[in-house]
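J.: Okay, here's the structure, questions in a sec.
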Amino acid sequence: MELKYIFGPVPSRRLGKSLGISPIPRKTCNYSCIYCQLGRTDKMTGERKEFFPLKDIINEFKEYLKESFDFDVVTIVGEGEPTLYSKLGELIKEVKKITDKPVAVITNGALLSSKEVRDELMNADIVLPSIDGYNEETAKKIDRPLGTIHFKDELEGLIEFSKEYKGQLLLEIMLISEMNCDKNSIEHFKEILKKIKYDKVYLNTPVRPPAESFVKVVSQEEMKYAVEELGGVSIDMLSSGEFFSEIEDSYEAILNIIRRHPMNQFEINSFLDSRKEKLGYNIFEKLESDEKINCILYKGIKTYRLK
996 MELKYIFGPV PSRRLGKSLG ISPIPRKTCN YSCIYCQLGR TDKMTGERKE
1046 FFPLKDIINE FKEYLKESFD FDVVTIVGEG EPTLYSKLGE LIKEVKKITD
1096 KPVAVITNGA LLSSKEVRDE LMNADIVLPS IDGYNEETAK KIDRPLGTIH
1146 FKDELEGLIE FSKEYKGQLL LEIMLISEMN CDKNSIEHFK EILKKIKYDK
1196 VYLNTPVRPP AESFVKVVSQ EEMKYAVEEL GGVSIDMLSS GEFFSEIEDS
1246 YEAILNIIRR HPMNQFEINS FLDSRKEKLG YNIFEKLESD EKINCILYKG
1296 IKTYRLK
């Protein structure tokens, strides 16, 4: 079965075994974050569209669920920003008709300034917006948004959404050394969090190769300070799980995963072991020679992602 929109389940430290739905073309976003694990954004846009027919996504989802496998949550995450999908609200409702597993949406939060988007997200069981900057300047440096997107509007939208939303609101702050993790930055984040009605805040730092080489991870001391001051949870401290795919061919299965979720050499080895793949070395040779794939050495570990 060729999969265009569904992938996984993939291990999520926040959500468990996550079955992904991608309703957005690759690298289509209203941000071009300096830390993005998919690389730089190719198609910057603020226009919401039905990029792929809703019925096609739902049909593929139904077919995939005919296979027997375990997952904890359905995550609408995309290869870009999922709130750009104009039928997001309908997608959430249709998925919930098919499965009783919770439906999550991972978003950069930029379009929370739109009441239409906020209303659509009300139907999700879990919403995970990110807050990377604490003012216009830091948000622009880290997220590099479209010129029409402003931090103040986004934050006001998030605050408004948090007042009405009945599901789990899980925030994420991506901490980057020398940019948003000093004491002054943490104080600003603390003031912002006071205004939002959320369930949990996760603190992260780029663990996979970022879009820009100048991005630096925070030190253990910086992360510890942020966790203590913000009452957050370091994603690094959460356990991860195994990748999974119903695609029979191991190489095609890996390609399907890394289109949306880069994998490092150890994750690929573990994935191949779980499938009792005897020719793992051939898989790595193909990955290294495939012109569609970037092999990046980051912190001494090889990570594979689509170009």
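Residue numbers 996 to 1302, in the numbering used here, belong to the letters of the sequence shown in order.
For each residue, glycine too, the CB sits at the ideal point set by N, CA and C.
All figures in this text were calculated on a predicted structure; none of them were measured in a lab.
Whether or not the region 1027-1039 and the region 1048-1068 are in contact is what I'm after, with contact meaning three or more pairs of Cβ atoms, one per stretch, closer than 8 Å; do they touch?
T.: no
J.: Tell me the start and end of each unbroken alpha helix (DSSP H) in the region 1015-1097 that is at least 4 residues and wholly inside, in chain order.
T.: 1049-1059, 1083-1093
J.: So what does DSSP say about K1012, is it helix, strand or coil?
T.: Position 17 of the sequence shown, counting from 1, holds the residue named residue 1012. It is a strand residue.
J.: For R1300, which three-state DSSP category applies?
T.: Taking the sequence shown and counting its residues from 1, one reaches residue 1300 at position 305. DSSP places R1300 in strand when its eight states are reduced to three.
J.: Counting only runs that start and end within the region 1212-1242, where is the beta strand (DSSP E) found for 3 or more residues in a row?
T.: none
J.: Please classify L1292 as buried or exposed, where buried requires at least 16 other C-beta atoms within 10 Å of its C-beta.
T.: As a working mapping, residue 1292 is identified with position 297 in the sequence shown. Exposed, by the Cβ-count rule.
J.: Under 7 Å, do P1006 and L1014 count as touching if we go by C-beta distance?
T.: Residue 1006 sits at position 11 when you count from the first residue of the sequence shown. Residue 1014 sits at position 19 when you count from the first residue of the sequence shown. Not in contact: P1006 and L1014 (Cβ atoms no closer than 7 Å).
J.: Starting from the C-beta of V1072, find all residues in its chain whose C-beta is less than 6 Å away, skip the five residues before and the five after it, and write them out in chain order.
T.: Reading the sequence shown from its first residue, position 77 is the one you call residue 1072. Its chain contains G1015, I1101 as the residues whose beta carbon lies nearer than 6 Å to that of V1072, once the 5 sequence neighbours on both sides are disregarded; these appear in chain order.
J.: Assuming I1171 contacts V1112 under a Cβ cut-off of 8 Å, what Cβ separation, rounded to an integer in Å, is found between them?
T.: Your numbering for residue 1171 matches position 176 in the sequence shown. Your numbering for residue 1112 matches position 117 in the sequence shown. About 26 Å separates the two Cβ atoms, so there is no contact after all.
J.: Note down, in chain order, each residue of its chain lying with its Cβ closer than 8 Å to the Cβ of E1159, except the 5 sequence neighbours on either side.
T.: Within the sequence shown, the letter at position 164 stands for residue 1159. Result list for E1159: R1113, M1117, in chain order.
J.: So for C1003, helix, strand or coil by DSSP?
T.: In the sequence shown, the residue the question calls residue 1003 occupies position 8. Before going on, a small fix: residue 1003 reads as Gly here, not Cys. In the structure shown, G1003 sits in a strand (DSSP, three-state: E or B).
J.: For the candidate residues V1122, L1150, L1079, whose alpha-carbon lies nearest to that of S1108?
T.: Residue numbering aside, residue 1108 sits at position 113 when the sequence shown is read from its first letter. For S1108, the nearest C-alpha among the options comes from L1150.
J.: Along the alpha helix (DSSP H) that carries L1188, what are the first and last residues, could you check?
T.: In the sequence shown, the residue the question calls residue 1188 occupies position 193. Note, L1188: alpha helix (DSSP H), 1178-1189.
J.: Please classify A1099: does DSSP put it in a helix, a strand, or coil?
T.: On the sequence shown, residue 1099 is found 104 positions in, with the first residue counted as 1. A1099 falls in the strand class under three-state DSSP.
J.: Could you tell me the distance, in whole angstroms, from the CA atom of Q1163 to the CA atom of E1155?
T.: Here residue 1163 refers to the residue found at position 168 when the sequence shown is read from its first residue. Here residue 1155 refers to the residue found at position 160 when the sequence shown is read from its first residue. Roughly 15 Å between the two C-alpha positions.
J.: For the pair the region 1252-1267 and the region 1212-1221, tell me if three or more CB-CB distances fall below 8 Å.
T.: no
J.: Return the Cβ separation of E1272 and F1238 in integer angstroms, given the expectation that the two are a contact with Cβ distance under 8 Å.
T.: Start at 1 with the first residue of the sequence shown, and residue 1272 comes out as number 277. Start at 1 with the first residue of the sequence shown, and residue 1238 comes out as number 243. No, E1272 and F1238 are not in contact; Cβ-Cβ is about 13 Å, not under 8 Å.
J.: So who's on the other strand from P1124, going by DSSP bridges?
T.: For this step, residue 1124 is matched to residue 129 along the sequence shown. BP columns for P1124 point to T1102.
J.: Take every Cβ of the region 1131-1140, pair it with every Cβ of the region 1079-1097, and state whether three or more of those distances are shorter than 8 Å.
T.: no
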